[in-house]
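Down below is the structure, laid out as structure tokens.
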Amino acid sequence: MNRAIEIGLTLILFGTAVAFGGVEKLASSLLETGVFSLLLVFLIVRARQGKARLFLPAWTAFFVLWVLLQLIPLPGSWILALSPFRATDPHLTGGTSASQVWGILSISAHATLLDLVKFLAYLAAFLLAASLFDSGKSRSILPRALLWLGCSEAVYGIYQFLTGSRKILNFTKLYDVGVATGTYINRNHFAGLLELTTPFALAAAFYSFQRWTEGRHGMSEESARESYFFQFLFYLFLTLLMVVAAFLSGSRMGVFGLLFSILFVALLAQFKTRRKAWLVGLFIFSVCIAGYALWIGINPLVTRFTQMRSAPSIEMAGRTAIWNDSLSQFRASPIVGTGLGTFSLGQRRFQRSQVDLLVDHVHDDYLEIATETGLLGAVLLFLPILYLLYRMIVAFLADGRHYRRAITLGCIGSTFAILLHSVTDFNLEIPTNALIFALVLGIGYKAACIELREERRVAQETGTFT
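Using this note's numbering, the first residue of the sequence shown is number -18, and each one after it goes up by one.
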């Protein structure tokens, strides 16, 4: 049954990715329905087996409770004290004394409730990943699904660029024409998907490298070692393929985040293996990237970067204006925010630029969450993620099991890259990317926290703990 649920999650991943990253309401609704259905089936099966234990950390409940607080009716005087933004609401300030009027902190209960359901779907995916992943019994489907999703999107993106196709399947692109976008509308979100999945290709290369170099040298294992060597080269090629696709997307922060993540992951792996052969492989990998630059050319990407040094481009000027307006919105209610999912509604009162356009996202995941849930909400959401990243790094360096530490390495690279990219974009608002991130965190939590904790407990009980 566990394998069937993993297959179900894989189908949801690929289905929503093909549906433009799940940005359409129907696709996102099917994503949520599918994940909740799989969780229900999982809980029913676990209950029948008498296994009631769930791998859901307590800190995940704090953010949910904080959002629920935004939906609970409170006295008007409390609301005005907690959220100065609501002081402009005539329902709370006009005619009747504020102490006699009750209301909620969110400026739109409907929008907050919809986004809360979406967040709970991602939380359900986290729970499923943390419960289904088991490094001891078999190779999990989920990490492989992430790897092949990234590869398939990369191949399609490269095809778009080389053929000059203006199509996403049967849909004609209106924006980001002439660059790789895969099945996504926006180049940056396509790069975000590659950031989330490419580290698993490099992690697979690292796993094969470990088995190739650390195996015994008996004659019976020579063929197996040779197989691992070719797997190492194959996964390095897949990594290169996805990096090339990121270059062809022309996403500046996407390329920067991906390369920085690969460098970070590669250095961690070198610190763990301390073998020159790994450095040689990375050197060859770097030469291949340089060869690509000389063969195909990176003029589109170079042009995108040079725009930052010249007169501000329309895109950068627009983002800067949005950030300034969003900071004004945040300062109006820094404690509790305007309500999860209400950024677009709240922004209308502070929008001083591009007033003829509807600004629905900040182009900064951290700032958007802060405007919607306040500084405390942003801390409750992102601080545990940063702590989990730290725990994964520590676990990777201490783990002695080849497969698990390779998977942990992939989770580290994926998390590091998307957190870096989130400074200048809203990848976590794209359903497929957010779902992938939830799965990555769930796998990383199981590998770096739960399994190691269980092993230490068993070792203490058996007296083998050191």
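For every residue, glycine included, the Cβ atom is placed at its ideal position computed from N, Cα and C.
If you follow the alpha helix (DSSP H) that residue i is part of, which residue opens it and which one closes it?
i, result
"residue 449", "With the chain covering only -18 through 447, there is no way to say anything about residue 449."
"residue 324", "324 to 328"
"residue 421", "412 to 426"
"residue 386", "383 to 402"
"residue 316", "Careful: residue 316 lies outside any alpha helix (DSSP H) and carries neither H nor E."
"residue 358", "346 to 379"
"residue -12", "-17 to -1"
"residue 18", "6 to 30"
"residue 112", "90 to 113"
"residue 243", "233 to 254"
"residue 405", "No alpha helix (DSSP H) holds residue 405; DSSP gives it neither H nor E."
Pop quiz: residue i and residue j are said to be a contact at Cβ under 8 Å. What is the actual Cβ separation, rounded to whole angstroms?
i, j, result
"residue 230", "residue 182", "Not quite, the Cβ-Cβ distance comes to about 17 Å (not below 8 Å), so this is no contact."
"residue 16", "residue 92", "At roughly 21 Å, the Cβ-Cβ gap does not stay under 8 Å, so residue 16 and residue 92 are not in contact."
"residue 43", "residue 361", "5 Å"
"residue 317", "residue 133", "In fact, because the Cβ distance is near 42 Å, the residues do not count as touching under 8 Å."
"residue 394", "residue 265", "Incorrect: roughly 19 Å between the Cβ atoms, too far for contact."
"residue 387", "residue 187", "5 Å"
"residue 238", "residue 402", "4 Å"
"residue 126", "residue 226", "At roughly 18 Å, the Cβ-Cβ gap does not stay under 8 Å, so residue 126 and residue 226 are not in contact."
"residue 476", "residue 60", "The structure shown does not extend to residue 476, since the chain spans only -18 to 447, so no value can be given for it."
"residue 357", "residue 47", "7 Å"
"residue 111", "residue 426", "5 Å"
"residue 359", "residue 433", "The pair is not a contact, with the Cβ atoms about 29 Å apart (cut-off 8 Å)."
Per DSSP, which residues does residue i bridge with? Please list them.
i, result
"residue 153", "148"
"residue 84", "55"
Between residue i and residue j, what straight-line distance do the alpha-carbon atoms span, to the nearest angstrom?
i, j, result
"residue 190", "residue 90", "52 Å"
"residue 223", "residue 179", "6 Å"
"residue 301", "residue 397", "24 Å"
"residue 322", "residue 25", "31 Å"
"residue 339", "residue 303", "11 Å"
"residue 8", "residue 314", "32 Å"
"residue 108", "residue 272", "42 Å"
"residue 261", "residue 400", "29 Å"
"residue 54", "residue 167", "39 Å"
"residue 159", "residue 147", "7 Å"
"residue 199", "residue 192", "Confidence at residue 199 is low in this model, with a pLDDT of 47, below 50, so the placement of that residue is unreliable and no value is reported for it."
"residue 216", "residue 50", "47 Å"
"residue 20", "residue 120", "21 Å"
"residue 142", "residue 364", "38 Å"
"residue 151", "residue 164", "10 Å"
"residue 517", "residue 351", "Summary: the structure shown does not reach residue 517, with the chain confined to residues -18 through 447, and so no result is reported for it."
"residue 122", "residue -13", "6 Å"
"residue 329", "residue 307", "10 Å"
"residue 83", "residue 62", "13 Å"
"residue 404", "residue 354", "17 Å"
"residue 349", "residue 324", "7 Å"
"residue -11", "residue 422", "18 Å"
"residue 456", "residue 429", "The question about residue 456 has no answer here: the residues shown for the chain are numbered -18 through 447."
"residue 76", "residue 66", "Unreliable placement is indicated for residue 76, whose pLDDT of 47 sits below 50; no coordinate value is reported for it."
"residue 267", "residue 327", "46 Å"
"residue 246", "residue 56", "51 Å"
"residue 263", "residue 218", "11 Å"
"residue 149", "residue 41", "36 Å"
"residue 97", "residue 52", "10 Å"
"residue 116", "residue 347", "32 Å"
"residue 419", "residue -6", "12 Å"
"residue 18", "residue 435", "29 Å"
"residue 255", "residue 411", "38 Å"
"residue 155", "residue 228", "20 Å"
"residue 157", "residue 137", "15 Å"
"residue 4", "residue 409", "11 Å"
"residue 417", "residue 124", "10 Å"
"residue 28", "residue 22", "10 Å"
Taking the alpha carbon of residue i as the point to measure from, which residue in the options has its own alpha carbon closest?
i, options, result
"residue 86", "95, 58, 106 and 110", "58"
"residue 170", "406, 324, 429 and 440", "406"
"residue 253", "423, 135, 389 and 166", "389"
"residue 207", "194, 217, 218 and 219", "194"
"residue 45", "95, 441, 333 and 442", "95"
"residue 250", "221, 205, 175 and 184", "184"
"residue 368", "47, 326 and 38", "38"
"residue 131", "384, 36 and -2", "-2"
"residue 2", "28, 268 and 175", "175"
"residue 140", "4, 161, 154 and -4", "161"
"residue 331", "309, 380 and 366", "309"
"residue 345", "366, 234, 334 and 443", "234"
Does the distance between the C-beta of residue i and the nearest non-hydrogen atom of the ligand HEM fall short of 7 Å?
i, result
"residue 189", "With respect to small molecules bound, the structure shown includes none, and the ligand HEM cannot be examined in it."
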